Each structure stands twice: as structure tokens, then as C-alpha cells.
Amino acid sequence: MGKSDIKLIGSWASAFTTRVRIAFNIKNVEYEHLEEVLGKKSDLLLQSNPVHKKFPVLLHDGKPLPESLIIVQYIDEVWSSGPSILPADPLDRALERFWAAYVDEKFFPSLKLVRVTQGEQLAAAVEAVGKSFEVMDGAFHQCSKGNAFFGGERVGYLDIAFGCTLAWLRALEKIVGVKLFDEVKHPALAKWMDSFCSDPAVEGLIPETDRFIEFLKLLPGAPPRH
Amino acid sequence: MGEVKVIGASLSLFCCRIEWALKLKGVEYEYIEEDLRNKSSILLQYNPVHKKVPVLVHKGKPVAESLVILEYIDETWKQNPILPADPFEKSVVRFWSRFVDEKCVVGAWAACCAQEHEKEEAIKSAQESLGILDKQIESRKFLGGEKLGFLDLVVGSLPNWLEFIEELGGIKLVDPEKFPSLHAWAQNFFEIPIIKERTPMAKDLINYCKTSGLAPNKKQV
Numbered sequence: 001m002g003k004s005d006i007k008l009i010g011s012w013a014s015a016f017t018t019r020v021r022i023a024f025n026i027k028n029v030e031y032e033h034l035e036e037v038l039g040k041k042s043d044l045l046l047q048s049n050p051v052h053k054k055f056p057v058l059l060h061d062g063k064p065l066p067e068s069l070i071i072v073q074y075i076d077e078v079w080s081s082g083p084s085i086l087p088a089d090p091l092d093r094a095l096e097r098f099w100a101a102y103v104d105e106k107f108f109p110s111l112k113l114v115r116v117t118q119g120e121q122l123a124a125a126v127e128a129v130g131k132s133f134e135v136m137d138g139a140f141h142q143c144s145k146g147n148a149f150f151g152g153e154r155v156g157y158l159d160i161a162f163g164c165t166l167a168w169l170r171a172l173e174k175i176v177g178v179k180l181f182d183e184v185k186h187p188a189l190a191k192w193m194d195s196f197c198s199d200p201a202v203e204g205l206i207p208e209t210d211r212f213i214e215f216l217k218l219l220p221g222a223p224p225r226h
Numbered sequence: 227m228g229e230v231k232v233i234g235a236s237l238s239l240f241c242c243r244i245e246w247a248l249k250l251k252g253v254e255y256e257y258i259e260e261d262l263r264n265k266s267s268i269l270l271q272y273n274p275v276h277k278k279v280p281v282l283v284h285k286g287k288p289v290a291e292s293l294v295i296l297e298y299i300d301e302t303w304k305q306n307p308i309l310p311a312d313p314f315e316k317s318v319v320r321f322w323s324r325f326v327d328e329k330c331v332v333g334a335w336a337a338c339c340a341q342e343h344e345k346e347e348a349i350k351s352a353q354e355s356l357g358i359l360d361k362q363i364e365s366r367k368f369l370g371g372e373k374l375g376f377l378d379l380v381v382g383s384l385p386n387w388l389e390f391i392e393e394l395g396g397i398k399l400v401d402p403e404k405f406p407s408l409h410a411w412a413q414n415f416f417e418i419p420i421i422k423e424r425t426p427m428a429k430d431l432i433n434y435c436k437t438s439g440l441a442p443n444k445k446q447v
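First to last, the protein sequences are chains F and A. Heads up: the first sequence runs through residues 1 to 226, numbered per the numbering used here. Heads up: the second sequence runs through residues 227 to 447, numbered per the numbering used here.
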């Protein structure tokens, strides 16, 4: 199967796109990356995802598939001879899916809120992120079973889902000048963050913090920061 | 296959999906009705993160979130598969399932709760989502393939609940002319015996709200 049969519409700055790229790395699959320009959605994107008009979108033999976590599961199922991304046991799979949904519905939105708030609202947002990390710490102990990753010995579905939010975390801590993650309180998660970012499948894909800060400045809604 | 329990609320639009799936696969289960105004210690123990129904408990281990539970059911009990075997077809089903929950359900609820000056916009937005779903259904009898499947069970939560939402919010969202495919699909769906025997009816939902004085949370109904 040629590289040209597999195209990924996305952006270097998008956590959701990075999830898919990590999945392809795990499976050692080559693909063509089509970089979207901020503020100007390509015709291909609009045609491929007419419902949401968002990336990432995978085009496999011309068939479009949007939604990062759906694409990651698809990659796991199609390239089944490579290392597994989701665990084999249905209960373990359900747990990772549950927590990935939590990341997208609760954790990530609470993190993003920090960018657009100030004063009392910012303090509340910071507190909410702290609580979310407590929850994710519990999730880590539940899923990792003493291993280095949520997925066990290797980077898996939930590692990918959660880990790709790290660029936001690091950038926001610098932007607002407040610690959002307490590594003393959550040493296992802190260690996981290092392990995740230095994993061969991930290395180089999480945006570098200062570059990402410059990118975030281009997004609307943020109050002036001193 | 081990003891199966469903912790649910009989009027919940998310819980009926789980029971439909289990019935479709011929899996016996014990149903535990939860009073959402007075949550039990069992629910809080099994779903400490969200404290919501439905929760499936299998051999003592809990699984929460209806779409996650449906996938678990399909992977654990392999008879009468509800997801397509083909990875692309399966992904399409997952995509539309999320669309139902993230756009149609959320949109309808927002329209119901919207303040007067925002109501028209919220209704328009909800109807836009329903219109996209309607177009996706086309004239199909079943939504994931040749027989009743995952996406049917997910969409199946909508029709009666939308009727309830309209009554609750004093709004009009659905009519057969606007969404003919959804309407035709629903007519067929609710005639299926296992579906019919376990479907929250709009009038029961309305009575429950009136008698309990609850402002229903979207995941509680």
C-alpha cells in the first residue's frame, strides 16, 4: 500500500492531529501529511469533513474519516499486525475508552478554559484543572497496574489521548505564570509525562513550548496578560 | 458469562440503549432502578467520577458511559454483533453515534433550556443537527447494515426523548415533514418487540418531571 493512499489532513499545533501521528508511528505506517493553514480551511478539508469542518481527517484510499479517537481506533484495527494500541481485554478497553472520553469532555476543556480567563475565573479554572489531575492520577493507577504507561508497558490509546494535551499544559503554565500540574503531589503522572514525551513513537511530535505559545497568541479570546 | 447487572433509570434515554443491546444478544441481567433524586451508594461506588446512569456491572466490575458500555457488550458477547465487522464501517457508526450525543442531544437540550432571546437561534441550531442526521438516515431501515445494530440503538434514544423535550421546553423541534427519514425509521424501530418492551415514553418522562419537580439533567433522563 503506497504512502499516497494514506493522507492525513491536520496541523502541527493540533493535539488531535498529533494523536493520529503517534498512532501511525506505533504501527510504523507511512502517510502523507497535509498541513492546514490557520484561519483558512482547505477545500479538501471541507469536502472530507462537511459535518464538522475540522481536522484531523484521515483519507484512506480516498475514504474520509474524521475525529481523532475514531481514527486512532481505526488505525489499530486496520494495521492489526503492528503493536496494539488498545488492550485486548474488553474491560481494559472499556476503561481506556471511558478515560479518553473524560479527557475530551472534562479534562481538556477545563485546561483550555485557563487560556481565556483571568482574575477570579482564572483561579476557579486553575482549581478545576488541579481536580482533573487528581482524577487522572487515579485513572493512571487504575490502568497502568504498576507499569510505565496507562496502556501498560507500551504507549497506548489513553496515553495518546491524554498525552497530546501536554503542549497546552506547558504553554499555559508559562502564559499565566501559575503551576497547573503539581509533580510533587502526582509523582507517578510526572514520571509518565517524561516517559510519554521521550517515547520513540512520540518524540518530536509534541509541539515545543515556546513555539506553541506563539501559536496560542494567534487564537482569539485570550485576555491581555502582563 | 458471569453475573450482569444494569444500574439504570427507567426513563433514561441512555439506559434503554444498554438494555436493548443485552436483549438483542439474549444476555440475562439484573436491573437495578436508581432514584436519581437520591443516588444510592452502589451508584456512587460504581461510577464515582460522573455519578450517573447507566452503569453495567459484569462480574463485579463496572463500565460506565453508554457508548463505552455498548462497545463492551459487543466485544464480550459475540452473538448477534451490533457493530459492523469492517473497520471503516465501524468507524462511520462510531462517528454518527458521537454526532447524536454531542450535537442532537446537546443541541435539543440547549434549545429547551435557552433564554427567550436565545431560543430561536438554539432551536435553529438543534434542527440543523437533526437535519444532518435525517439526511444521513436517508430511507434506510437499519442504520449500520442489514440488521438492527449499534447506531439504531443510539439513535433510538432520540424520538421519544425529543417529544418530551419539546413539551418541557415549550418548543417545536421535530415534525415528520421536516425530518421524513428519521420519522420513517422511528416508525419501524419502535415496532421491533425487544425495543417496544423497553422504551421510555414521552408522557412518562413528562409526568416524572412534573411529579418530581426536577429540572432534569440531560444525562439523567
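Glycine included, each C-beta is placed from N, C-alpha and C at the ideal position. A quick note: this is a predicted structure, and the numbers were derived from the prediction, not measured.
Neighbouring residues, chain F, relative to residue i (Cβ below 8 angstroms)
{"i": "S383/A", "result": "Chain F residues near S383/A: none, gap ~17 angstroms exceeds 8 angstroms."}
{"i": "E291/A", "result": "R97, F98, A101"}
{"i": "I358/A", "result": "V51"}
{"i": "V287/A", "result": "Strictly speaking, residue 287/A in this sequence is Lys, with Val absent from that position. What K287/A touches in chain F: L91."}
Boundaries (first-last residue) of the alpha helix (DSSP H) holding residue i
{"i": "Y102/F", "result": "90-102"}
{"i": "V230/A", "result": "Careful: V230/A lies outside any alpha helix (DSSP H), inside the beta strand (DSSP E) at 230-234."}
{"i": "I358/A", "result": "342-363"}
{"i": "Y157/F", "result": "157-163"}
{"i": "E392/A", "result": "384-395"}
{"i": "Y257/A", "result": "Segment 256-259 is the beta strand (DSSP E) holding Y257/A; no alpha helix (DSSP H) there."}
{"i": "C241/A", "result": "241-250"}
{"i": "P406/A", "result": "406-415"}
{"i": "K191/F", "result": "187-198"}
{"i": "G333/A", "result": "332-339"}
Coarse secondary structure for residue i, derived from DSSP in three states
{"i": "P288/A", "result": "strand"}
{"i": "I421/A", "result": "helix"}
{"i": "F149/F", "result": "strand"}
{"i": "Y434/A", "result": "helix"}
{"i": "L309/A", "result": "coil"}
{"i": "V116/F", "result": "coil"}
{"i": "P111/F", "result": "Note that residue 111/F is Leu in the sequence shown here, rather than Pro. Three-state result, L111/F: helix."}
{"i": "V381/A", "result": "helix"}
{"i": "L169/F", "result": "helix"}
{"i": "V178/F", "result": "coil"}
{"i": "S132/F", "result": "helix"}
{"i": "V400/A", "result": "coil"}
{"i": "L237/A", "result": "coil"}
{"i": "L282/A", "result": "strand"}
{"i": "G371/A", "result": "coil"}
{"i": "I206/F", "result": "coil"}
{"i": "R154/F", "result": "coil"}
{"i": "G82/F", "result": "coil"}
{"i": "W303/A", "result": "coil"}
{"i": "H276/A", "result": "coil"}
{"i": "G221/F", "result": "coil"}
{"i": "V253/A", "result": "coil"}
{"i": "L262/A", "result": "coil"}
{"i": "V184/F", "result": "coil"}
Proximal residues of chain A, C-beta to C-beta of residue i below 7 angstroms
{"i": "I9/F", "result": "Near I9/F there are no residues of chain A at all, since even the closest Cβ is about 15 angstroms away, more than 7 angstroms."}
{"i": "V78/F", "result": "P313"}
{"i": "R93/F", "result": "E301"}
{"i": "K63/F", "result": "F314"}
Contacts of residue i in chain D (Cβ-Cβ under 7 angstroms)
{"i": "T302/A", "result": "Note that chain D does not occur in the displayed structure, where the protein chains are F and A."}
Status (buried if at least 16 other CB within 10 Å, exposed otherwise) for residue i
{"i": "R225/F", "result": "exposed"}
{"i": "Q73/F", "result": "buried"}
{"i": "S438/A", "result": "exposed"}
{"i": "P385/A", "result": "buried"}
{"i": "M427/A", "result": "exposed"}
{"i": "V37/F", "result": "exposed"}
{"i": "K278/A", "result": "buried"}
{"i": "I370/A", "result": "The sequence given here has Gly at residue 370/A, not Ile. Looking at its Cβ environment, which holds 16 or more other Cβ atoms inside 10 Å, G370/A is buried."}
{"i": "A124/F", "result": "exposed"}
{"i": "R263/A", "result": "exposed"}
{"i": "K329/A", "result": "buried"}
{"i": "K7/F", "result": "buried"}
Interface partners of residue i on chain F, CB under 7 angstroms
{"i": "V275/A", "result": "Y102, V135"}
{"i": "I418/A", "result": "Residues of chain F passing the Cβ test: none, with the nearest at roughly 26 angstroms."}
{"i": "E294/A", "result": "Per the sequence shown, residue 294/A should be read as Val rather than Glu. The contacting residues are A94, R97, F98, A101."}
Proximal residues of chain F, C-beta to C-beta of residue i below 9 angstroms
{"i": "A352/A", "result": "Simply none; closest approach about 15 angstroms."}
{"i": "Y298/A", "result": "P90, L91, R93, A94, R97"}
Under 9 angstroms by beta carbon: chain A residues contacting residue i
{"i": "P66/F", "result": "F321"}
{"i": "Y74/F", "result": "P313, F314, K316, S317, R320"}
Listed by chain order, chain A residues near residue i by CB distance under 8 angstroms
{"i": "I70/F", "result": "S317, R320, F321, R324"}
Residue ranges of each alpha helix (DSSP H) within the stretch 1-77 of chain F, 4 or longer | As far as the stretch 1-77 of chain F is concerned, its whole alpha helix (DSSP H) runs of at least 4 residues are 15-27, 43-48.
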